[in-house]
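Position one of the sequence shown corresponds to residue 1 (the UniProt record's numbering), numbered consecutively onward.
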Amino acid sequence: MSGAPSMLSSRTPRELETGHSLRSALLEDFKQNHKTRRYELKDIFDHVVEFSGDQHGSRFIQQKLETANSDEKERLFREIQPNAIQLMTDVFGNYVIQKFFEHGDQNQKKILANKMKGRVLDLSLQMYGCRVVQKALEHILNDQQASLVRELEKDVLRCVKDQNGNHVIQKAIERCHAEDISFIFQAFTGQIQHLSVHTYGCRVIQRCLENCEDMTRKAILAELHDCMSTLIGDSFGNYVAQHVVEYGFLPDRQRVLELVLKGLEGYSKHKFASNVVEKCLTHSEESWKHDVIAVIVRNNNREGESMLLGLIRDNYGNYVIQKLLDLLSQQDFDHFIDILQPELVKAKRTGCGKQVAAIEKRMQRPYDQGLLTHPAVFGSHPISQNTTPPPPPLTADQRSLQNSSVGSVNGDALEGATSSRKGSVEHVIPTVFET
Numbered sequence: 001m002s003g004a005p006s007m008l009s010s011r012t013p014r015e016l017e018t019g020h021s022l023r024s025a026l027l028e029d030f031k032q033n034h035k036t037r038r039y040e041l042k043d044i045f046d047h048v049v050e051f052s053g054d055q056h057g058s059r060f061i062q063q064k065l066e067t068a069n070s071d072e073k074e075r076l077f078r079e080i081q082p083n084a085i086q087l088m089t090d091v092f093g094n095y096v097i098q099k100f101f102e103h104g105d106q107n108q109k110k111i112l113a114n115k116m117k118g119r120v121l122d123l124s125l126q127m128y129g130c131r132v133v134q135k136a137l138e139h140i141l142n143d144q145q146a147s148l149v150r151e152l153e154k155d156v157l158r159c160v161k162d163q164n165g166n167h168v169i170q171k172a173i174e175r176c177h178a179e180d181i182s183f184i185f186q187a188f189t190g191q192i193q194h195l196s197v198h199t200y201g202c203r204v205i206q207r208c209l210e211n212c213e214d215m216t217r218k219a220i221l222a223e224l225h226d227c228m229s230t231l232i233g234d235s236f237g238n239y240v241a242q243h244v245v246e247y248g249f250l251p252d253r254q255r256v257l258e259l260v261l262k263g264l265e266g267y268s269k270h271k272f273a274s275n276v277v278e279k280c281l282t283h284s285e286e287s288w289k290h291d292v293i294a295v296i297v298r299n300n301n302r303e304g305e306s307m308l309l310g311l312i313r314d315n316y317g318n319y320v321i322q323k324l325l326d327l328l329s330q331q332d333f334d335h336f337i338d339i340l341q342p343e344l345v346k347a348k349r350t351g352c353g354k355q356v357a358a359i360e361k362r363m364q365r366p367y368d369q370g371l372l373t374h375p376a377v378f379g380s381h382p383i384s385q386n387t388t389p390p391p392p393p394l395t396a397d398q399r400s401l402q403n404s405s406v407g408s409v410n411g412d413a414l415e416g417a418t419s420s421r422k423g424s425v426e427h428v429i430p431t432v433f434e435t
């Protein structure tokens, strides 16, 4: 279908209505005076398509549709209906169609959905049309949803890998009944790893983990575990790995936690894998955080430098330390900073002031409410406010220490880390579009 001419016209709404690209006197007047003169929908009757294709005119119609009465909506709808498909793919007109899916009556929505039949793939792959398809899936009836998405059955993977089409697949997964989109999950069988490391595919797999029924989710998770070590260190796959930790079943989360603990140092110092370590800290029990501290404290490199010092100094590892401080219970927090403080002093001597300052800020946070600063931050002694002896320091069971030795992380999977910390923004483009 890629070599075939598009079924969607490239003509503008104004050209469709008048046969030329010149704006009408009414639209020119509106563009010049809409800020000072009050216009109503009745003022643009017979020019609705033209206004829909103009930036200011489109915004005017959108705003008025939210409060228009049924007669006004019907009059507008009669004008746009013949050119609905062209408006769906227009830079400004698509927003008017979206508003009709939001505020139109059920019959108007049905008519628009019927006009999309036979064109869903083309619309889904088009920059503006994909937005209309998504909005339609949010507001039409279930049987209409099923009818539209079924047109994508033979092109699921094509849509998933497309910069526009992937949003439609995501929306279908979020909104449609499982039985109506079973063909989507069938297309994913044997493709999960490939999709998880794809620019757009990783987003779709995340939506699956959030929305799929248990049986489908288990099948997807089974494929993900076969390649988890690769996903953790991948620029896109790490987001999928994080979703396994957050949305997987308990055994799935435990498998990732075990894998991360074995490669803790390498993962923590990696641009992408460090995000997964932080997610594990967020969604793990206190006992796993204890294991993390035990591994960090007991391991030294060949030069005798502690793993903790190495993480403090690292561009990514220091974020892991910060996250750990944020999540520890107060008792564990107090004892961990006693271990942390001497290493911070060493780090300051090697020119890591920025990393140290960020960590010290986290060390103060639990005391902000009481307007106190933890004594370890400045190396001072605490003022005793009671005579209760401090709880014993964190310790780890010897068997746990023996079984949680840090394994080397596959160098190939973790190549390419740079000196700047990647932002923590989810790599999922929202499907809500603004005018």
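A virtual CB, placed ideally from N, CA and C, is assigned to each residue, including glycine.
Note that the coordinates shown come from a computational prediction; the quantities given were computed from them, not determined experimentally.
Got a sec? Which residues, its chain only, sit under 7 Å from residue i by beta carbon, not counting five neighbours each side?
i: Val297; result: Leu308, Ile339
i: His177; result: Asn142
i: Glu278; result: Tyr319, Val320, Lys323
i: His34; result: His56, Phe60
i: Val149; result: Ala172, Cys176, Asp180, Ile181
i: Ala358; result: Asn318, Gln322
i: Cys280; result: Val245, Val256, Leu257, Val260
i: Thr199; result: Phe236
i: Met127; result: Asn164
i: Leu16; result: With a pLDDT of only 49 at Leu16, under the threshold of 50, the placement of this residue in the model should not be trusted; the figure read from the coordinates follows. Only Val49, Asn83, Gln86 meet the Cβ criterion.
Can you tell me which residues form a DSSP beta bridge with residue i?
i: Ser306; result: Asn300
Applying the criterion that 16 or more other CB atoms from any shown protein chain within 10 Å of the CB defines a buried residue, is residue i buried or exposed?
i: Glu66; result: exposed
i: Lys42; result: exposed
i: Asn83; result: buried
i: Arg253; result: buried
i: Glu343; result: buried
i: Asp105; result: exposed
i: Lys109; result: buried
i: Leu250; result: exposed
i: Gly248; result: buried
i: Thr216; result: buried
i: Val91; result: exposed
i: Asn386; result: For Asn386, the predicted model reports a pLDDT of 40, less than 50, meaning its position is unreliable and no value from the coordinates is stated.
i: Gln32; result: exposed
i: Asp46; result: exposed
i: Asp314; result: buried
i: Gly304; result: exposed
i: Asp214; result: exposed
i: Thr89; result: buried
i: Ile222; result: First, the amino acid is wrong: residue 222 is Ala here, not Ile. It is exposed - the Cβ of Ala222 has fewer than 16 other Cβ atoms within 10 Å.
Suppose you measure from the CA of residue i to the CA of residue j; what does that come to, to the nearest Å?
i: His56; j: Gly118; result: 31 Å
i: Gln193; j: Arg255; result: 17 Å
i: Gly310; j: Leu259; result: 20 Å
i: Ile181; j: Ala146; result: 8 Å
i: Val345; j: Arg203; result: 42 Å
i: Gln134; j: Ile205; result: 18 Å
i: Gln331; j: His283; result: 19 Å
i: Val292; j: Phe333; result: 13 Å
i: Gly201; j: Gln98; result: 25 Å
i: Lys218; j: Val160; result: 20 Å
i: Asn299; j: Gln355; result: 21 Å
i: Leu76; j: Asn94; result: 15 Å
i: Val276; j: Ser24; result: 57 Å
i: Val197; j: Leu231; result: 7 Å
i: residue 443; j: Glu74; result: The structure shown does not extend to residue 443, since the chain spans only 1 to 435, so no value can be given for it.
i: Gln364; j: Ile220; result: 42 Å
i: Asn69; j: Ile111; result: 19 Å
i: Gly266; j: Gly190; result: 29 Å
Tell me which residues share the same chain as residue i and place their Cβ nearer than 6 Å to its Cβ, disregarding the 5 neighbours each side in the sequence.
i: Leu125; result: Asp162, Asn164, Gly165
i: Trp288; result: Leu257
i: Gln144; result: Ala113
i: Pro389; result: Note that Pro389 has pLDDT 46, beneath the 50 cutoff, so the model's placement of it is unreliable and the number below is only indicative. Excluding sequence neighbours, Pro389 sits near nothing in its chain.
i: Val156; result: Ile184, Ala187
i: Glu153; result: Phe183
i: Ile140; result: Lys109, Ala113
Spatial neighbours of residue i within its chain, please: C-beta separation below 8 Å, excluding the five flanking residues on both sides.
i: Lys64; result: Glu40, Leu41, Glu72
i: Val96; result: Ser52, Ser58, Ile61, Gln62, Leu65, Ile80, Leu87
i: Ile44; result: Leu26, Phe30, Phe51, Gly57, Phe60, Ile61
i: Ser329; result: Glu286
i: residue 441; result: Residue 441 lies beyond the range of the chain shown here (1 to 435); nothing can be said about it.
i: Glu28; result: none
i: Phe336; result: Ile293, Leu324, Leu325, Leu328, Leu394
Counting contacts by CB-CB distance shorter than 8 Å, is residue i in contact with chain B?
i: Ile169; result: Protein chain content of the structure displayed is limited to a single chain, and chain B is not contained in it.
Going by the C-beta, is residue i closer than 7 Å to any heavy atom of the ligand MG?
i: Gln322; result: As far as ligands go, the structure on display features none, and thus does not contain the ligand MG.
Worksheet item: What residue ranges within the UniProt repeat "Pumilio" (79-114) form continuous alpha helix (DSSP H) runs of no fewer than 4 residues, ordered along the chain?
Response: Qualifying alpha helix (DSSP H) stretches, in chain order: 84-88, 93-103.
Worksheet entry | Runs of beta strand (DSSP E) lying entirely within the segment 125-150, each at least 3 residues, in chain order | none
Item to complete: Tell me the start and end of each unbroken beta strand (DSSP E) in the segment 323-348 that is at least 3 residues and wholly inside, in chain order.
Response: As far as the segment 323-348 is concerned, it has no whole beta strand (DSSP E) run of at least 3 residues.
Item to complete: Counting only runs of 4+ residues fully inside the segment 179-253, write out the alpha helix (DSSP H) ranges in chain order.
Response: As far as the segment 179-253 is concerned, its whole alpha helix (DSSP H) runs of at least 4 residues are 182-188, 192-196, 201-211, 214-225, 228-232, 237-247.
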